[in-house]
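Okay, so the sequence shown: first residue is 198 according to our numbering, each after it adds one.
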Amino acid sequence: MTRLAIYDMDRTITRMATYTPFLIYSAARIAPWRLLLLPVLLLAMLAYVGKAIDRGRLKEIGHRLLLGRYLSRERLEPLVAGFAERTIASNVYPEAIDRIAADRAEGRRLVLATASYRLYAEAIAQRLGFDDVIATGSIIGLDARVHAKIDGENCYGPAKLRMIEAWLGAEGIERRAAHIRFYSDHASDAPVLEWADEGVAVNAHDRLKRLAQVRGWPMLDWR
Numbered sequence: 198m199t200r201l202a203i204y205d206m207d208r209t210i211t212r213m214a215t216y217t218p219f220l221i222y223s224a225a226r227i228a229p230w231r232l233l234l235l236p237v238l239l240l241a242m243l244a245y246v247g248k249a250i251d252r253g254r255l256k257e258i259g260h261r262l263l264l265g266r267y268l269s270r271e272r273l274e275p276l277v278a279g280f281a282e283r284t285i286a287s288n289v290y291p292e293a294i295d296r297i298a299a300d301r302a303e304g305r306r307l308v309l310a311t312a313s314y315r316l317y318a319e320a321i322a323q324r325l326g327f328d329d330v331i332a333t334g335s336i337i338g339l340d341a342r343v344h345a346k347i348d349g350e351n352c353y354g355p356a357k358l359r360m361i362e363a364w365l366g367a368e369g370i371e372r373r374a375a376h377i378r379f380y381s382d383h384a385s386d387a388p389v390l391e392w393a394d395e396g397v398a399v400n401a402h403d404r405l406k407r408l409a410q411v412r413g414w415p416m417l418d419w420r
């Protein structure tokens, strides 16, 4: 039996979301003038709230505005490392670190499954001791530059479950031969919480609290 502990990241492990802070952190170091475009990003966020664009398109717009159309991996690497270190130092719940250690002690394989971009989520996951990462991908051009376009699906909602199932298949893990514990703060992860053997609502907002009460999922609050 393969024992897995799968964690969402933003507001489950971290106190705050990470994507916009990553963009701002990076823009401030490579092109501070791009911070003047933040009001445009705010307009894009309003368009998302109004359902004019989806979350994936919002991410692409944010990337394009604050990081440009593309960046070389060499230029991104120090930004990713610095942001990951800052996140670990100031934006991770101590209780999350303890829970991750407890799952590791149980012999569980640790997997981070997040809608955040792999380009920085992987660095955070490595520092937290995760074994694997399932995340939103970035298109890498033939010139090895990271482009402001999502590769495949945005790892959010039902797409997250599809990507986890695809990962299981790629790893040769049969669902019926695995015991899966999944942690999330948001009702958008209801498909994975339902599918897991143990769904755990962490730092849940009101909608997820109601759903957890109906489904009988345990709730943890690390805030």
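Don't be surprised by glycine CBs; every beta carbon is placed ideally from N, CA and C.
Quantities reported herein were computed from a predicted structural model and do not represent experimental measurements.
Enumerate in chain order the residues of its own chain whose CB-to-CB distance from R272 is below 8 Å, with the five nearest sequence positions on each side excluded.
Taken in chain order, the residues that qualify are I227.
Provide the residue span of the alpha helix (DSSP H) that contains E257, from first to last.
Annotation: the continuous alpha helix (DSSP H) that includes E257 extends over 252 to 264.
Considering only the beta carbon of each residue, do I321 and A281 sit closer than 8 Å?
By the CB criterion at 8 Å, I321 and A281 fall inside the cutoff.
Candidates S223, G326, S335, G253: which alpha carbon is nearest R283's?
The option with the nearest alpha carbon to R283 is S223.
For I337, name the three-state secondary structure that DSSP assigns.
Strand at I337.
Do three or more CB pairs link the region 364 to 376 to the region 345 to 355 at distances below 8 Å?
Touching, no.
Under DSSP, the alpha helix (DSSP H) around T156 begins and ends at which residues?
Because the chain in this structure spans residues 198 to 420, residue 156 falls outside the shown range and cannot be described.
Simplified DSSP state of R306, which is helix, strand or coil:
Reduced to three states, the DSSP call for R306 is strand.
Assuming L405 and A384 form a contact by the criterion Cβ under 8 Å, report the distance between their Cβ atoms to the nearest whole angstrom.
L405 to A384, Cβ: 4 Å. Contact.
Whole angstroms is fine: what's the gap from G334's alpha carbon to A298's?
Each residue's Cα considered, the two are about 27 Å apart.
According to DSSP, is E371 helix, strand or coil?
When DSSP states are grouped into helix, strand and coil, E371 belongs to the coil group.
Here's a check: name, in chain order, each residue in its chain whose Cβ is nearer than 8 Å to the Cβ of L339, leaving out the five neighbours to either side.
Low confidence applies here, because L339 scores a pLDDT of 47, under 50, leaving its location unreliable; read the following figure in that light. Nothing meets the Cβ criterion.
If E368 and R359 are in contact, beta carbons under 8 Å, what's the gap, nearest whole angstrom?
The C-beta distance from E368 to R359 rounds to 15 Å, too long to fall under 8 Å, and the pair is not in contact.
7 Å Cβ shell around G413 - same chain, five flanking residues per side excluded:
Closer than 7 Å at Cβ, skipping near neighbours: no residue.
Just checking my contact of G326 with L307 at CB under 8 Å: how many whole Å lie between their CB atoms?
Indeed they touch by this definition, with Cβ atoms about 7 Å apart.
Given M189, which residues of its chain have a CB within under 7 Å of its CB, disregarding the five upstream and five downstream residues?
Given a span of 198 to 420 for the chain in the structure shown, any question on residue 189 remains unanswerable.
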